[in-house]
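Residue 164 is where the sequence shown starts when you use the working numbering, and the numbers rise one by one after that.
Quick reminder that beta carbons are idealized off the backbone N, C-alpha and C, glycines included.
This report concerns only the one structure given below.
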Amino acid sequence: MATADILVVGAGVVGASVAYHLTRLGHDRVTVVDARDRDVLPGSTGLAPGLVGQLSSTPELAVLAKDSVATYLALSQASPTPLFWQVGCLEIATEPARLEQAHLDVEHGRRLGIGAQVLDAAEAVALAPALVNAERALGALHIPSDGAADPAGLTHALVDAAERGGAGFRWNTPVCALERDQGRVVGVRTGKDAELLRADRVVLATGIWGPALAADAGMRLPMVGVQHPYVFTTEVAGLDDTPIDTPIVRYPDHSVYTRRHGRRFGLGTYSHTPLPLTATTALASAERPFREADFGAAIAEATTLVPAFREAVQGRRLNGVFALTPDELPLVGPAAALPGLWFAEASWVTHAGGVGRQLANMLLETGDLLVTPERLAPDRFTHWTDEKTRETALGHYQGIYDTH
Ligand SMILES: Cc1cc2nc3c(=O)[nH]c(=O)nc-3n(C[C@H](O)[C@H](O)[C@H](O)COP(=O)(O)OP(=O)(O)OC[C@H]3O[C@@H](n4cnc5c(N)ncnc54)[C@H](O)[C@@H]3O)c2cc1C
Numbered sequence: 164m165a166t167a168d169i170l171v172v173g174a175g176v177v178g179a180s181v182a183y184h185l186t187r188l189g190h191d192r193v194t195v196v197d198a199r200d201r202d203v204l205p206g207s208t209g210l211a212p213g214l215v216g217q218l219s220s221t222p223e224l225a226v227l228a229k230d231s232v233a234t235y236l237a238l239s240q241a242s243p244t245p246l247f248w249q250v251g252c253l254e255i256a257t258e259p260a261r262l263e264q265a266h267l268d269v270e271h272g273r274r275l276g277i278g279a280q281v282l283d284a285a286e287a288v289a290l291a292p293a294l295v296n297a298e299r300a301l302g303a304l305h306i307p308s309d310g311a312a313d314p315a316g317l318t319h320a321l322v323d324a325a326e327r328g329g330a331g332f333r334w335n336t337p338v339c340a341l342e343r344d345q346g347r348v349v350g351v352r353t354g355k356d357a358e359l360l361r362a363d364r365v366v367l368a369t370g371i372w373g374p375a376l377a378a379d380a381g382m383r384l385p386m387v388g389v390q391h392p393y394v395f396t397t398e399v400a401g402l403d404d405t406p407i408d409t410p411i412v413r414y415p416d417h418s419v420y421t422r423r424h425g426r427r428f429g430l431g432t433y434s435h436t437p438l439p440l441t442a443t444t445a446l447a448s449a450e451r452p453f454r455e456a457d458f459g460a461a462i463a464e465a466t467t468l469v470p471a472f473r474e475a476v477q478g479r480r481l482n483g484v485f486a487l488t489p490d491e492l493p494l495v496g497p498a499a500a501l502p503g504l505w506f507a508e509a510s511w512v513t514h515a516g517g518v519g520r521q522l523a524n525m526l527l528e529t530g531d532l533l534v535t536p537e538r539l540a541p542d543r544f545t546h547w548t549d550e551k552t553r554e555t556a557l558g559h560y561q562g563i564y565d566t567h
């Protein structure tokens, strides 16, 4: 068969974004392969509630998030149904130190071009009465340009736009190995009759499955899969189908976040012992069983914090896996030790638009980069042991809002 120029493995939000940006830059010799059906998202993207917060103590994350918001807004405006709602974000301070930090964050945001202001507790409650705890809030950082995405809808829109731009998609095509020849990656073997798909460059955008495929080529990817609980209420009387009409709300002092989802509310918490998970290629979905013993106490605590959850009947409870790195920055760029192989791994929905743009520009050598490539280099932890990588990455889990 013909050799593809660029072959992307994985069409979650990250792989779809890479293909989208390649075609936007005029490059149509792109093939994307995914084990999934076109309509179903079994990876992390299909489980994410889609909160998008741009302000971060790591400036590169803020740059990637800002760029993602610009892409998501443009796609949303061109779509018959909204894909991104710029409803803003409230970061609630329940401790005096957090309120002091909020004032510093306003200055930090100004330097990054992300507008923010400090609100008093009453102003915060008025913006999102169902989600802001009036008894506990001392004030809030308000970031009006943040919001919520529909991660599945966004991914479908990125795929459709990339396809219109000339990219080819092969669904139900699991990749079981990277094909190597004379010290470089020259394509992939698929699970369908071990078919060989040749390519000049192969991009792994396989989310939590990245390390398993990379290991096949003798490479260690410095990322760790971690299980994460997210729960919904059942339908709440008085709510209509409006997807979201108030800011997303975070409680950084408690590692809790929450938003409206139409007739229901949703809530996630990081306030539990981190639970790593190593995804093998046999794992069909990023969703794992929700275990009360692992998450019950943290969810119970979080539901006392968020007014909408106090009286509501709880509905779906999910446990989804996503990936963390030791410095919380994604892995974007070429594999230094293996020519022909590239990575777009360990990115959140929040940063996926920017990650796609960054990698597309690197692949096409335009020189037009959002972030210095070294900061995202996939081999930046080469000298770390597996244990140090894992412990450091997991160590960020509960304090995730200090950077994201
Ligand atoms: C419960 C939960 C809540 C979250 N909340 C948020 C949030 O609010 N905001 C936010 O920004 N992020 C959030 N995240 C994180 C975010 O969802 C992920 O970081 C992001 O979706 C990763 O996208 P991805 O494209 O890299 O991976 P995925 O979406 O997992 O996509 C990987 C794709 O690769 C394919 N694939 C894997 N292996 C192979 C193979 N061998 N051959 C072919 N195809 C393969 C899979 O089928 C899949 O389609 C959350 C995640 C979870 C689980």
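| task | Report the residue from G517, P439 and L492 whose alpha carbon sits nearest the alpha carbon of N482. | result | P439
### Between the CA atoms of R427 and V399 - distance to the nearest angstrom
6 Å
- prompt: Nearest to R261 by CA position, among A291, D283, D416 and A507, is which residue?
  reply: D416
_On the DSSP letters alone, give me the boundaries of the alpha helix (DSSP H) that I462 sits inside._
E455 to L468
### Query
Just to confirm, are H435 and F472 a CB contact at a threshold of 8 Å?
no
Measure the CB-CB distance between G173 and T432 and report whether it falls below 8 Å.
-> no
Cα-Cα separation between R423 and R347, rounded to whole angstroms
48 Å
| task | Have a look at G302, P410 and P392 and flag the residue whose alpha-carbon is nearest the alpha-carbon of Y560. | result | P392
Checklist entry - Between D344 and L246, is the Cβ-Cβ spacing less than 8 Å? => result no
Cβ-based burial, D197 [other Cβ within 10 Å; buried from 16]: buried
* To do: Just list the beta strand (DSSP E) runs in the stretch 234 to 307, keeping only unbroken ones of 3 residues or longer that don't cross its boundaries, in chain order.
  => 252 to 256, 280 to 283 and 302 to 306
Taking the alpha-carbon positions, what's the E254 to E263 distance?
12 Å
Would the beta-carbon of T186 fall within 8 Å of that of V193?
yes
Report task. Return the residue from the list L236, R299, E223 and E450 that minimises the CA-CA distance to P259. Result -> R299
- Query: Rounded to a whole number of angstroms, what is the C-alpha to C-alpha distance between V469 and I563?
  - Reply: 19 Å
query = Would you report the Cα separation of C339 and T488, rounded to the nearest angstrom?
reply = 24 Å
According to DSSP, simplified to helix, strand and coil, what is Q390?
strand
**Asked** T478 and F395 look like a contact to me (Cβ under 8 Å); what is the Cβ gap, rounded to whole Å?
**Response** Note on residue identity: the sequence assigns Gly, not Thr, to residue 478. At roughly 4 Å, the Cβ-Cβ gap stays under 8 Å, so G478 and F395 are in contact.
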